[in-house]
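S.K.: Have a look at the structure that comes next, please.
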Ligand SMILES: [Zn+2]
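In our numbering, the protein residues as written are 295 to 376.
Dropping the structure here:
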């Protein structure tokens, strides 16, 4: 069951893509990696819920908008420059 995809249904007639654009994703990535401010959804301005998981050589954050339910995975390998 692909339940994860059911959380962000495409609205009938909506021209919005089911995910963030490249520009939006870049903004989220920058916010998460720099931790300079609380990450905000570039699509709707809602609050992004950020869950991080740290591995031996990398860190992954899963960001999900509380309002529009779009999500993005931010991956940072050890040694990456922000
Ligand atoms: Zn949103």
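Built from N, CA and C at the ideal position, the CB exists for glycine as well.
What three-state label does DSSP hand residue 317 in the structure shown?
M.R.: If DSSP states are grouped into helix, strand and coil, residue 317 belongs with the helices.
S.K.: Pick helix, strand or coil for residue 361, following the three-state DSSP scheme.
M.R.: Reduced to three states, the DSSP call for residue 361 is coil.
S.K.: If we count the other Cβ atoms within 10 Å of its Cβ and call it buried at 16 or more, is residue 381 buried or exposed?
M.R.: Within the shown structure, residues of the chain are numbered from 295 to 376, placing residue 381 beyond reach of any answer.
S.K.: Assign residue 352 to one of three DSSP states: helix, strand, or coil.
M.R.: Correct three-state label for residue 352: strand.
S.K.: Taking 7 Å as the cut-off, is the beta-carbon of residue 364 closer than that to any non-hydrogen atom of ligand 1?
M.R.: Checking every heavy atom of ligand 1 against the Cβ of residue 364, one is found closer than 7 Å.
S.K.: Is any non-hydrogen atom of ligand 1 found closer than 7 Å to the C-beta of residue 346, if you look at the structure I gave you?
M.R.: Because no heavy atom of ligand 1 lies under 7 Å away, the Cβ of residue 346 does not count as near it: no.
S.K.: Rounded to whole angstroms, what is the Cα-Cα separation between residue 342 and residue 362?
M.R.: If you take the alpha carbons of residue 342 and residue 362, they lie about 10 Å apart.
S.K.: Go through its chain and collect everything with a Cβ distance to residue 369's Cβ below 7 Å, but skip five positions before and after it.
M.R.: Once the five neighbours on either side are set aside, the close Cβ partners of residue 369 are 352, 354.
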